[in-house]
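Under the UniProt record's numbering, the first residue of the sequence shown is numbered 1, with each subsequent residue one higher.
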Amino acid sequence: MLSKSPHLHNEKADTAQRKRKRDNLTQEVKEVMMAWINEHIANPYPTKEEKEELSLRTGLTTTQISNWFTNARRRYLKINEPEKQQDFHLSYPL
């Protein structure tokens, strides 16, 4: 019979402590991001420079900006359904 190692328990506890609380974006940040994506609906892929500008405007890191756009394109943009792209701003819960 195998016994549980206290070392494994400590690793799990350490991992749980390191997990960060997920913060929701403010309404103002969402509006800035949505405005950008609606203005660039034909090509919703910001350049490095655009991400840096959005970072300055929103206070998010460029990594957070990149992740937001990745998620927005997956969740809300219907790349294969152009008729729905124009209504993107209506489908995003603010």
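Glycine included, every Cβ here is placed at the ideal spot set by N, Cα and C.
Contacts around residue i, its chain only, beta-carbon distance under 8 angstroms, and the 5 residues preceding and following it disregarded
i           : result
residue 137 : Nothing about residue 137 can be reported from this structure: the residues present for the chain run from 1 to 94 only.
valine 29   : Thr58, Gly59 and Leu60
Residues near residue i by beta carbon distance below 7 angstroms, same chain, minus five either side
i            : result
residue 97   : The requested residue 97 is not part of the displayed model; the chain covers only 1 to 94.
arginine 73  : Pro44
threonine 62 : Lys51, Glu52 and Ser55
Separation of residue j from residue i, as counted between CA atoms
i            : j             : result
histidine 20 : histidine 40  : One point to set straight first is that residue 20 is arginine, not histidine, in the sequence displayed. Computed Cα separation, rounded: 32 angstroms.
lysine 78    : alanine 42    : 11 angstroms
glutamine 64 : isoleucine 37 : 15 angstroms
Assigned exposure category for residue i - 16 Cβ within 10 Å defines buried
i         : result
lysine 51 : buried
Boundaries (first-last residue) of the alpha helix (DSSP H) holding residue i
i          : result
leucine 56 : 48-58
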